[in-house]
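Q:
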Amino acid sequence: NKIRSGDSAAFEALFNFYCQQLINFARRYVFDKQIAENVVQDVFVNVWQSRTNLDPSKMIKAYLFTAVKNNSLKHLRHLNIENKGIESIPTNISDDERPDRKLNEKELDIKVHQAIDELPEKCKEIFKLNRFENLKYVEIAKILNISIKTVETQMGRALKKLRERLKPFLTIILFVLTSILILTI
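Position in the sequence shown (first residue = 1) + 16 = my numbering.
1. Give the DSSP-derived three-state secondary structure of GLU149 in the structure shown.
2. Rounded to whole angstroms, what's the CA-CA distance from ILE142 to MET171? Just pull it up for me.
3. With DSSP run on the structure shown, which of helix, strand or coil describes PRO72?
4. Suppose the cutoff is 6 Å on Cβ atoms and the five residues either side in sequence are ignored; what does the same chain contact list for LEU151 look like?
5. Could you check where the alpha helix (DSSP H) with ARG67 kicks off and where it finishes?
6. Alpha carbon to alpha carbon, how far is CYS35 from ASP133?
7. Please classify ALA29: is it buried, with 16 or more other beta-carbons within 10 angstroms of its beta-carbon, or exposed?
Right, dumping it as structure tokens:
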């Protein structure tokens with residue numbers, strides 16, 4: 017209610033409380049910290065600009081996370097459209113010479129699975145349960161008899177290690193993932 021009435025201190029408290037959580041959440045989609053920060057900033061700007069329309073009976077946390085997810089996916093769709101536009105420009109380089117064609121999907125899949133296999137056991141187990149079995153953090157915590165915070169921490173470590181290990185292939189992975197996301201939306 018305070019934010020709806022224009023209380024900037026309440027808005028700042030909301031921002032300070034959720035900002036880092038939302039950036040971490042956005043990075044699950046966009047991978048790049050700067051882009052994630054921009055996505056979150058856009059969401060908070062939108063919240064402030066449309067604060068009079070906020071429904072006090074709704075959970076602000078759910079609203080923020082949903083908005084960040086939607087803006088992240090919107091960014092990926094926009095990136096995919098840009099990439100398609102770039103690919104349609106004729107060049108003198110043959111497809112075989114293009115750097116993004118050097119790794120085919122099978123090779124990329126092998127690199128990703130190798131990186132996952134190199135994760136510490138607990139990280140690997142939690143990552144696979146979440147990403148391959150589609151289990152939520154709460155479900156993983158119950159199955160492994162650990163806290164949700166431990167699941168979050170281990171997933172954070174797993175994603176950080178995978179980003180570091182797959183950094184040379186990140187552009188290709190991002191393109192493949194955005195293509196898959198666009199096809200499933």
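By construction, the Cβ of each residue, glycine as well, lies at the ideal position given by its N, Cα and C atoms.
Remember, it's a predicted structure, so these values are computed and weren't measured experimentally.
A: Here's the rundown:
1. coil
2. 7 Å
3. coil
4. LEU145
5. Per DSSP, ARG67 belongs to no alpha helix (DSSP H) and is neither H nor E.
6. 32 Å
7. exposed
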